[in-house]
Amino acid sequence: MDILIVIEDNNGKVHRMGLESITAAQTMAQDRGLSIAALVMGSNADELATQASNYDIGEVLSLKHDLLSSYSCDGYAEAVRQVVEQESPKYVFFGHTYQVRDYVPKISAKLMKPFLVDNVLMNSDGEETVFTKQMFNAKLYSDMIAMDEGPLLISFQSAAYSSDNAAEGSASVRDVTISLESSMIKTQSEDPFQEESGGVDLTSAEIIVSVGRG
Numbered sequence: 026m027d028i029l030i031v032i033e034d035n036n037g038k039v040h041r042m043g044l045e046s047i048t049a050a051q052t053m054a055q056d057r058g059l060s061i062a063a064l065v066m067g068s069n070a071d072e073l074a075t076q077a078s079n080y081d082i083g084e085v086l087s088l089k090h091d092l093l094s095s096y097s098c099d100g101y102a103e104a105v106r107q108v109v110e111q112e113s114p115k116y117v118f119f120g121h122t123y124q125v126r127d128y129v130p131k132i133s134a135k136l137m138k139p140f141l142v143d144n145v146l147m148n149s150d151g152e153e154t155v156f157t158k159q160m161f162n163a164k165l166y167s168d169m170i171a172m173d174e175g176p177l178l179i180s181f182q183s184a185a186y187s188s189d190n191a192a193e194g195s196a197s198v199r200d201v202t203i204s205l206e207s208s209m210i211k212t213q214s215e216d217p218f219q220e221e222s223g224g225v226d227l228t229s230a231e232i233i234v235s236v237g238r239g
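Following this line, the structure appears as structure tokens:
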């Protein structure tokens, strides 16, 4: 495939930002005639694969391993690295979640490939794709073209693309395997970050309404 989408597990369901990444991948694929696949992993891989296969993404790669039953930075980074090296995609898409911020920089270091983070837009410029991100508290926009043949690691800001626009379809499911040992996992992760009770996690909110006087 040309584009690999890494889909995050949200308590047994495809994370909304995973669906947004599907929309982004479908947009690029339509513009440039590329193929798409998605990767699901962990203890809920079967359920996630079934859900992801209902979208127009070519195929779903399902990865199950005892050491991936719960999240760890080292385990997930090594797992995705091995899948990327096996499948050789040009682009690897992620939603810019807290989890992605934790482990994807490690993949970038392992592969010695660029990680273009928190993008809000992408446009085709001939054979190149221009990725746009916000800077200086969203006061400026920066256009980026990676001078590398790939794989390029790309994450998208929440709501940069709409999950409602992810085109449905019927994708095949293929099991993939990796070599992972407990000695490779040197970190222990805490429970996923949640905003304080009674608050709203603005990074995952679908709609944000702001009222001011200025």
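All residue numbers for the sequence shown refer to this note's numbering, where the first residue is 26 and numbers rise by one.
For every residue, glycine included, the Cβ atom is placed at its ideal position computed from N, Cα and C.
For Arg238, no beta strand (DSSP E) segment is defined, and its DSSP state is neither H nor E.
Spatial neighbours of Glu193 in its own chain (CB-CB distance under 7 Å, excluding positions within 5 residues in sequence) are listed in chain order as Asn79, Tyr80, Asp81. Comparing alpha carbon positions, the residue from Gly37, Asp168, Lys89, Gly100 closest to Ser208 is Gly100. Under DSSP, Lys38 shares a beta bridge with Asn35.
Every alpha helix (DSSP H) stretch that sits fully inside the stretch 99-167 and reaches 4 residues is listed by chain position as 123-136. The DSSP assignment places 41-57, 70-77 as complete runs of the alpha helix (DSSP H) inside the stretch 38-82, in order along the chain (cut-off: 4 residues). Here Val117 is not near Val125, since their CB atoms are 8 Å or more apart. Scanning its chain for C-beta atoms nearer than 8 Å, with the 5 sequence neighbours on each side dropped, one finds no residue around Asp91. The Cβ atoms of Gly83 and Met160 lie no closer than 8 Å to each other.
The alpha-carbon of Cys98 is positioned some 26 Å away from that of Thr48.
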